[in-house]
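Engineer: Have a look at this one before I ask anything.
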Amino acid sequence: MFETGEILIRRGLLNVDQVHKLRAEQLSGIRLVEAAVQQGLVGEEPALRALGDELGMDYVDLRSVEVDVDLIKSFPQKLIYRHSLFPVERVNGSLKLAVSNPLDVYALDEASAATGLTIIPLVAEKTEIAKLTKKHLGVGSETVEGLMAAREEDGDIELLEGIESDGSELSEMAQEASVVRLVNEILVEAIDSRSSDVHVESQAGGLVIRYRIDGILHDQPVPPEISRFQLAIISRLKIMARLNIAEKRLPQDGRIKLKVHGREIDIRLSVIPMIHGESLVMRILDKGAMKFDLQGLGMDPHTYRLFSQLIRLPHGIVLVTGPTGSGKTTTLYSSLMEIRSPENKIITTEDPVEYQLDGINQIQVHHKIGLTFAASLRSILRHDPDIVLIGEIRDLETAENAIQASLTGHLVFSTLHTNDAAGAFTRMVDMGIEPFLVSSTVEGIMAQRLVRRLCKHCKEAYQPDHNDLPSDFPFESLGDQPLYRAVGCRNCRGVGYQGRMGIYELLITNEEIRSLAHTRVSTWDIKLAALKAGMRTLRMDAWDKTILGSTSVDEVLRTTKGDRIA
Numbered sequence: 286m287f288e289t290g291e292i293l294i295r296r297g298l299l300n301v302d303q304v305h306k307l308r309a310e311q312l313s314g315i316r317l318v319e320a321a322v323q324q325g326l327v328g329e330e331p332a333l334r335a336l337g338d339e340l341g342m343d344y345v346d347l348r349s350v351e352v353d354v355d356l357i358k359s360f361p362q363k364l365i366y367r368h369s370l371f372p373v374e375r376v377n378g379s380l381k382l383a384v385s386n387p388l389d390v391y392a393l394d395e396a397s398a399a400t401g402l403t404i405i406p407l408v409a410e411k412t413e414i415a416k417l418t419k420k421h422l423g424v425g426s427e428t429v430e431g432l433m434a435a436r437e438e439d440g441d442i443e444l445l446e447g448i449e450s451d452g453s454e455l456s457e458m459a460q461e462a463s464v465v466r467l468v469n470e471i472l473v474e475a476i477d478s479r480s481s482d483v484h485v486e487s488q489a490g491g492l493v494i495r496y497r498i499d500g501i502l503h504d505q506p507v508p509p510e511i512s513r514f515q516l517a518i519i520s521r522l523k524i525m526a527r528l529n530i531a532e533k534r535l536p537q538d539g540r541i542k543l544k545v546h547g548r549e550i551d552i553r554l555s556v557i558p559m560i561h562g563e564s565l566v567m568r569i570l571d572k573g574a575m576k577f578d579l580q581g582l583g584m585d586p587h588t589y590r591l592f593s594q595l596i597r598l599p600h601g602i603v604l605v606t607g608p609t610g611s612g613k614t615t616t617l618y619s620s621l622m623e624i625r626s627p628e629n630k631i632i633t634t635e636d637p638v639e640y641q642l643d644g645i646n647q648i649q650v651h652h653k654i655g656l657t658f659a660a661s662l663r664s665i666l667r668h669d670p671d672i673v674l675i676g677e678i679r680d681l682e683t684a685e686n687a688i689q690a691s692l693t694g695h696l697v698f699s700t701l702h703t704n705d706a707a708g709a710f711t712r713m714v715d716m717g718i719e720p721f722l723v724s725s726t727v728e729g730i731m732a733q734r735l736v737r738r739l740c741k742h743c744k745e746a747y748q749p750d751h752n753d754l755p756s757d758f759p760f761e762s763l764g765d766q767p768l769y770r771a772v773g774c775r776n777c778r779g780v781g782y783q784g785r786m787g788i789y790e791l792l793i794t795n796e797e798i799r800s801l802a803h804t805r806v807s808t809w810d811i812k813l814a815a816l817k818a819g820m821r822t823l824r825m826d827a828w829d830k831t832i833l834g835s836t837s838v839d840e841v842l843r844t845t846k847g848d849r850i851a
């Protein structure tokens, strides 16, 4: 009765040749529309509006709809998944129902029979229906309902390494199609939401899943029934990481290699037994999405210029400091990528090797067989390097070898766990290194943190009240400019922030600082000398980025301490 191709031609959305080509692929009905959208021939919204007009159905933009949670709970979930439907509003004896396929009359009849209500169909985009379904019913809820066969897509996930089964009942349960599908959906959702870590926690009330996005943990909505799959989910992940699923008393670490959406993904898995069962944390390393670009990390032009000169010195030690998860490895990798060339040889020793870099020789530390940072560094120096990267200076032996490498004409990069740049000097002396060796070899120290970027789609300008800002805020730099704060929208998942950027504190070792470090003075004295020489602290850099509208006052207060400068 309704020929989709003819409707789209009549509406001027497709031409005759385009429709003939789609028909030649044996496409008709809603599949013809979906193919035309995928090929970029027509937008999904105008195509659905056209079909809706022909069938007497209104179009609804689900992005602007206020969801009735009680209505969703009372609507049969199996219909939502089977026919890509979503209940919008109940009006007396009628139900407004968003449908992605306005030609599927059977779906409307089934919904009417199941609810006993008159159905008022509204045409909506399939992707928007899927987003609302996942948000309100939880990731993996379709699999929990046992309806994985109703969908055609397989999650677009591929294991790059074979897995082994020990034949046990638990192993066989973990390999069931529904469990595999559920775990895949959890991983794909984490990758799509730019998560750095996935926490799968066994708690008294059941299984809790949380994603760390831009440094902050967010609860992931999951259906309550998922707890019935708890053992199977954990076993499936352990099998993927080639771990012993029978061992539930001891911590285990493993690695999973995947291909998702055509991108290679590395996942580091840590399993620890808790009182309510095993809990897992997965660190996601998305190789395809990672770009090591020193200029794109958020340094201001002055800091970038000084740091660029520092990493091109012929010898000495360059340190990057900060807590775990502050972006130290990214800064060091970006530095190596900037200075690599056929004329120099770069060797790294890391624990673990997070990303494989072209043109750079990387060593994976293995403590169990004695291949430590210190041991590998001794071997590296016999391998004729020009530049050496040590993942972390953790002990006296590694520190001594790093200093020896710099004294013999090598440029050495490494990291330390200190709160600020000046603290690196006293930290190395505390390890047992002679102060004169530290002062003569350390050329510069970069302390850093990560702050979240305000979402460019929804950030809101406002005029701040001076009484509401910290006393160290640089009011003279702000002038009459507005500041910006987080609001939240669909683009940032209602958080108000999207992505992160670095804030930096670069200490260049001058003669005064060398003299102070040599005489074992306090961190505070070294910091004052560095400030006198022009160093800008983490807090100062963060305020600059706030004034530029890149981040918010709240984010600066969350990540930095006020400067005590007197």
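Read the sequence shown against this note's numbering and you will find it ends at 851, with the numbers running on by one and no gaps.
Note that the Cβ used here is the ideal one computed from N, Cα and C, for glycine as well.
None of the values given here were measured: they were computed from a predicted structure.
1) Could you tell me if Y391 is buried or exposed, where buried requires 16 or more neighbouring beta carbons within 10 angstroms of its beta carbon?
2) If K544 and E639 are in contact, beta carbons under 8 Å, what's the gap, nearest whole angstrom?
3) Rounding to the nearest angstrom, what Cα-Cα distance links H652 and L528 in this structure?
4) By alpha-carbon positions, which one of I315, A320, G297 ends up nearest to K306?
5) The alpha helix (DSSP H) that contains L333, what's its start and end?
6) With distance defined between alpha-carbon atoms, name the residue in F758, Y366, V350, R540 nearest to V838.
7) Measuring straight from C-alpha to C-alpha, what distance separates E410 and I552?
8) Who are V727's beta bridge partners in DSSP?
9) Please report the residue range of the beta strand (DSSP E) in which N646 lies.
10) Looking at C-beta atoms only, is the number of pairs between the segment 690-704 and the segment 775-789 that lie closer than 8 Å three or more?
11) Using the Cα positions of V301 and I292, report the straight-line distance between them to the nearest angstrom.
12) Assign L364 to buried or exposed, taking buried as 16 or more other Cβ atoms, counted over all protein chains shown, within 10 Å of its Cβ.
13) Take P599 as the anchor and find which of E623, L692, I557, G676 has the nearest alpha-carbon.
14) Are the segment 622-640 and the segment 555-562 touching, with three or more C-beta to C-beta distances below 8 Å?
15) With C-beta atoms as the reference, is A396 less than 8 Å away from I404?
16) Return helix, strand or coil for Q515, following the three-state DSSP convention.
17) Enumerate in chain order the residues of its own chain whose CB-to-CB distance from A435 is below 7 Å, with the five nearest sequence positions on each side excluded.
18) By Cβ distance below 8 Å, which residues in the same chain neighbour G431 in space, the five residues on each side in sequence not counted?
19) State the Cα-Cα distance for the pair L853 and H546, rounded to the nearest angstrom.
20) Using three-state DSSP, classify Q362 as helix, strand or coil.
21) Report yes or no: do the segment 701-721 and the segment 806-813 share at least 3 C-beta pairs separated by less than 8 Å?
22) Alpha carbon to alpha carbon, what distance is there between G655 and E790?
23) Output the residue ranges of the alpha helix (DSSP H) runs that lie fully inside the segment 729-791 and measure 4 residues or longer, sorted by chain position.
24) Throw me the rounded Cβ distance for the T615 and L582 pair, which I believe falls under 8 Å.
25) Based on the DSSP output, what are the partners of V464 in its beta bridges?
26) Can you check DSSP and say which residues form a bridge with I672?
27) According to DSSP, is Y496 helix, strand or coil?
28) Taking P608 as the reference, which of L681, R667, L735 has the closest Cα?
29) Could you work out which residue in Y769, K741, C740, K830 is closest to Q748 when comparing CA atoms only?
30) Could you name each continuous beta strand (DSSP E) segment of 3 residues or more that falls completely within the segment 290-315, going from the start of the chain to the end?
31) Measure the alpha-carbon distance for G477 versus R334 and round it to whole angstroms.
32) For K846, tell me which candidate among S756, R375, L833, R348 has the shortest Cα-Cα distance.
33) In three-state terms, what does DSSP make of H803?
34) Quick one: using the 10 Å Cβ neighbour count with 16 as the cut-off for buried, is P586 buried or exposed?
35) How many Å lie between S807 and A489 at the Cα?
36) By how many angstroms is the C-alpha of Y496 removed from the C-alpha of K358?
Structural biologist: With the given structure in hand:
1) Against the sequence shown, residue 391 aligns to sequence position 106. Label assigned to Y391: exposed.
2) Numbered from its first residue, the sequence shown carries residue 544 at position 259. Numbered from its first residue, the sequence shown carries residue 639 at position 354. With a Cβ gap of about 18 Å, K544 and E639 do not count as contacting.
3) For the purposes of this step, residue 652 is taken as the residue at position 367 of the sequence shown. For the purposes of this step, residue 528 is taken as the residue at position 243 of the sequence shown. When rounded, the distance between both Cα atoms is 19 Å.
4) In the sequence shown, the residue the question calls residue 306 occupies position 21. Comparing Cα positions, the closest option is A320.
5) Locating residue 333 in the sequence shown gives position 48, where the first residue counts as 1. Note, L333: alpha helix (DSSP H), 329-340.
6) The count along the sequence shown starts at 1 and reaches residue 838 at position 553. When only C-alpha atoms are compared, the closest one is F758.
7) Along the sequence shown, one-based indexing puts residue 410 at 125. Along the sequence shown, one-based indexing puts residue 552 at 267. Each residue's alpha carbon lies about 33 Å from the other.
8) Counting from 1 along the sequence shown, the entry for residue 727 is found at position 442. For V727, which the question treats as bridged, DSSP gives the partners I602.
9) As a position in the sequence shown, residue 646 is number 361, starting the count at 1. 646-649 is the extent of the beta strand (DSSP E) around N646.
10) no
11) Mapped onto the sequence shown, residue 301 falls at position 16. Mapped onto the sequence shown, residue 292 falls at position 7. Between V301 and I292, the C-alpha separation is close to 11 Å.
12) The residue you call residue 364 lines up with position 79 of the sequence shown. Looking at its Cβ environment, which holds 16 or more other Cβ atoms inside 10 Å, L364 is buried.
13) For the purposes of this step, residue 599 is taken as the residue at position 314 of the sequence shown. Here the closest residue by C-alpha is L692.
14) no
15) Residue numbering aside, residue 396 sits at position 111 when the sequence shown is read from its first letter. Residue numbering aside, residue 404 sits at position 119 when the sequence shown is read from its first letter. Yes, they are a contact pair.
16) The sequence position of residue 515 within the sequence shown is 230, counting from 1. Looking at Q515 - three-state DSSP - the assignment turns out to be helix.
17) Counting from one through the sequence shown, the residue named residue 435 turns up at place 150. Note that A435 scores 36 on pLDDT, short of 50, meaning its location in the model is unreliable and no value can be drawn from it.
18) Taking the first residue of the sequence shown as position 1, residue 431 is located at position 146. Low confidence applies to G431: its pLDDT is 49, below 50, so where it sits in the model is not reliable enough to give any reading.
19) For the chain, the structure presents residues 286 to 851; residue 853 sits outside this window and is missing.
20) As a first step, residue 362 is located in the sequence shown; it is residue number 77 there, counting from the start. DSSP places Q362 in helix when its eight states are reduced to three.
21) Contact holds between the segment 701-721 and the segment 806-813, because three or more Cβ pairs, one in each stretch, are under 8 Å apart.
22) Within the sequence shown, numbered from 1, the residue matching residue 790 stands at position 505. Within the sequence shown, numbered from 1, the residue matching residue 655 stands at position 370. One C-alpha to the other measures close to 35 Å.
23) When DSSP assignments are scanned along the segment 729-791, the uninterrupted stretches of alpha helix (DSSP H) that are 4 or more residues long and fall wholly within it turn out to be 760-763.
24) Locating residue 615 in the sequence shown gives position 330, counting from the first residue. Locating residue 582 in the sequence shown gives position 297, counting from the first residue. With 8 Å as the limit, T615 and L582 qualify as a contact, their Cβ atoms being about 7 Å apart.
25) Numbered from its first residue, the sequence shown carries residue 464 at position 179. Answer is none; V464 lacks a bridge partner.
26) The count along the sequence shown starts at 1 and reaches residue 672 at position 387. Its beta-bridge partners are I631, L696.
27) In the sequence shown, counting from the first residue as 1, residue 496 sits at position 211. If DSSP states are grouped into helix, strand and coil, Y496 belongs with the strands.
28) Taking the sequence shown and counting its residues from 1, the one referred to as residue 608 is at position 323. Taking only the C-alpha atoms, the option nearest P608 is L735.
29) By one-based count along the sequence shown, residue 748 stands at place 463. Comparing Cα-Cα distances from Q748 to each of Y769, K741, C740, K830, the minimum goes to Y769.
30) none
31) As a first step, residue 477 is located in the sequence shown; it is residue number 192 there, counting from the start. As a first step, residue 334 is located in the sequence shown; it is residue number 49 there, counting from the start. The sequence shown places Asp at residue 477, rather than the Gly named in the question. In this model, D477 and R334 are separated by some 28 Å (Cα to Cα).
32) As a first step, residue 846 must be located in the sequence shown, where it is residue number 561. Ranking S756, R375, L833, R348 by Cα distance to K846 puts S756 first.
33) What you label residue 803 is simply residue 518 of the sequence shown in a count that begins at 1. In the structure shown, H803 sits in a helix (DSSP, three-state: H, G or I).
34) As a position in the sequence shown, residue 586 is number 301, starting the count at 1. Looking at its Cβ environment, which holds fewer than 16 other Cβ atoms inside 10 Å, P586 is exposed.
35) Stepping through the sequence shown from its first residue, residue 807 is reached at position 522. Stepping through the sequence shown from its first residue, residue 489 is reached at position 204. Their Cα atoms are separated by approximately 48 Å.
36) As a working note, residue 358 is residue 73 in the sequence shown. As a working note, residue 496 is residue 211 in the sequence shown. Cα to Cα, K358 sits roughly 25 Å from Y496.
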